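With positions in the sequence shown counted from 1, the corresponding number in our numbering is that position plus 178.
As structure tokens, the structure follows; a few thoughts come after it.
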Amino acid sequence: MNSKKHLLLVGPTDDYYKKSLQCNALVSILTEKWRLSDYQSNSCNNVLLVDFNNVEELILVILENHKIHPFDCVLSFTELGTVPSAIISSMLNIPGPSLFCSLICRDKFRTRELTGSNLPSKINYKLIENQSSIINFIEMHGFPVVIKPRDGMGSHSVSINYNLHDALENCKEGYLIESFAPGKEFSCETFSINGQHYIIAVTEKVLGGLSGVVEVGHKVVSKKHIDHSLKLWINGVLNNIQLRDGVAHIEFKKDNENFHFIECHNRPGGDRIWQLVELATGFDLIRSTINLFLGNNVQVPNFDNRCSEIVYFDFISGIVTDVKHPFERTPEWVRWYEWKAKDGVEIKPMTDSFDRYGGFIIEANNEHELEARKILIMKEVEVVTIENI
179 MNSKKHLLLV GPTDDYYKKS LQCNALVSIL TEKWRLSDYQ SNSCNNVLLV
229 DFNNVEELIL VILENHKIHP FDCVLSFTEL GTVPSAIISS MLNIPGPSLF
279 CSLICRDKFR TRELTGSNLP SKINYKLIEN QSSIINFIEM HGFPVVIKPR
329 DGMGSHSVSI NYNLHDALEN CKEGYLIESF APGKEFSCET FSINGQHYII
379 AVTEKVLGGL SGVVEVGHKV VSKKHIDHSL KLWINGVLNN IQLRDGVAHI
429 EFKKDNENFH FIECHNRPGG DRIWQLVELA TGFDLIRSTI NLFLGNNVQV
479 PNFDNRCSEI VYFDFISGIV TDVKHPFERT PEWVRWYEWK AKDGVEIKPM
529 TDSFDRYGGF IIEANNEHEL EARKILIMKE VEVVTIENI
């Protein structure tokens, strides 16, 4: 009989699945057909396919397979996998994400309701019921305002509005309207063990795209952003959403000494932030979370940060006619790259995190070296487009 514990991984990317294979566990995958990659299909012995929105099907498939080969824990590191994972954890009474925390984090309105009453530096917000509710909110709080879906992800359908016409154009019933928070935007990657919270890294965000709110870069430069006031504030956020174990991702703005909450998740940040954190700190958020839920001893060491950065290209829209890039032979400090801007490809305006045509990750010993390396790469990148008529 195999003594390894049985991990159910829900909706993973290939990177997360590969991480799980390094954790001395038997791994099964629960995912949706459109998410299943060739790599997962060919390498995983037990793949379960369901529609995440069909809870009855999900429950029946899990119960049937749990009888044959019981699961010891369930996890997801992707946005749409956290709630199914939490449902399975609660149903089977095995280690996994908190159902309360998962439901709160998937709903930006409920997150604000929970955190807004307990954290200082509040952002005004309201759930849109009709056009009158938008007009009343703007009359009370002024412009600019942010409008976004309460269950959105990847900056999809998020807009910054400076006048009533645009606000009414972008609103939908059930969307959230918020005052625009001042300050520089950051995200914080944390790790928790039995309610003890640790800040692993803070990333500086670079925003762009058509709406100005699409994340086109993230940078981990040092521990300079981590101080006592941030630790207290982050602890407050995590305690409010009742997160006790594993990885979390909190987005916020800082204006002088004020923190403005944006959103949080009981999963790692997207855009390969987990890789940036690992390069900068040496701490593996993914494997550490898996090991923790498998019942293994996990400790958070003291570490000195190096620097890492991911840059996504924001090309001029149109049909690609010529390209130049340095990625056929890259220095060892380029740790990942993706290039989709090939001849004949139509570059569309970047409206969310899914409208991307490539990017790269670099690492360095300090911020000055990091910037120099980024400039070196960007000098070698050129994409020529013509207007699509």
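Just so it is clear, CB atoms sit at the ideal spot from N, CA and C, and this is done for glycine as well.
Predicted model only: the values in this text are computed from it and were never measured.
C-alpha of S333 to C-alpha of D193: approximately 22 Å in a straight line. Counting only residues of its own chain and dropping the five nearest sequence neighbours on each side, F461 has a CB closer than 6 Å to the CB of I378. Collapsing the DSSP output to three states places P527 in coil. When rounded, the separation of the alpha-carbon atoms in Q374 and V476 is 12 Å. Around the beta carbon of K518, fewer than 16 other beta carbons lie within 10 angstroms, which makes this residue exposed. In the DSSP assignment, E487 is bridged to K397, I540.
Taking a 10 Å sphere around the C-beta of T293, we find 16 or more other C-beta atoms and assign the residue as buried. The count of Cβ pairs closer than 8 Å, one atom from the stretch 440-458 and one from the stretch 418-431, reaches three, so the stretches are in contact. The shortest CA-to-CA distance from T563 to any of I207, P527, N544, I539 is the one to P527. When the five nearest sequence neighbours on each side are left out, the beta carbons in the same chain lying within less than 8 Å of the beta carbon of N483 are those of A379, V398, V399, S400, K401, A458, T459, in order along the chain.
In this structure, DSSP gives R422 a state outside helix and strand, which the three-state scheme calls coil. Annotation for N413: H375 place their beta carbon closer than 7 Å to its own, counting only its chain and skipping 5 residues before and after. Segment contact: the stretch 306-320 against the stretch 260-274, fewer than three CB-CB distances shorter than 8 Å; contact not assigned.
Between E234 and the set Y195, K211, L185, I266, the nearest pair of CA atoms involves I266. With fewer than 16 other Cβ atoms inside 10 Å of its own Cβ, Q420 counts as exposed.
Unbroken alpha helix (DSSP H) runs of no fewer than 4 residues, entirely contained in the stretch 252-311, are found at 260-270, 277-283, 286-294, following chain order. N202 is the residue among S198, P190, N202, G189 whose C-alpha sits nearest the C-alpha of S181. Selection N436, I497, N231, S389 evaluated against P360 yields N436 as nearest (Cα-Cα). Looking from the CA of F230, the closest CA among D344, G352, L385, A264 belongs to A264.
For Q200, the secondary structure class from DSSP, reduced to helix, strand or coil, is coil. Within the stretch 189-236, the complete alpha helix (DSSP H) segments of 4 residues or longer fall at 192-198, 216-221, listed in chain order.
Residue range 342-348 is occupied by the alpha helix (DSSP H) that includes E347.
Membership of V561 in the beta strand (DSSP E) is indicated by the continuous run 560-564.
In the three-state reduction of the DSSP assignment, N469 falls in the helix class, which pools H, G and I.
Separation of G537 and K557 (C-alpha to C-alpha, rounded to the nearest whole angstrom) is 14 Å.
Less than 9 Å separates the beta-carbon of K197 from that of I468. Annotated three-state conformation of R551 is helix, per DSSP.
Using a Cβ distance threshold of 9 Å, V324 and I371 do not count as a contacting pair. Rounded to whole angstroms, S466 and I497 show a C-alpha spacing of 43 Å. The Cβ-Cβ distance between S206 and F249 falls below 9 Å. With a contact defined as Cβ atoms closer than 8 Å, I539 and W514 qualify at about 4 Å.
C-alpha of I525 to C-alpha of L346: approximately 28 Å in a straight line. Inter-residue distance for R422 and L416 is about 8 Å (C-alpha atoms, whole angstroms).
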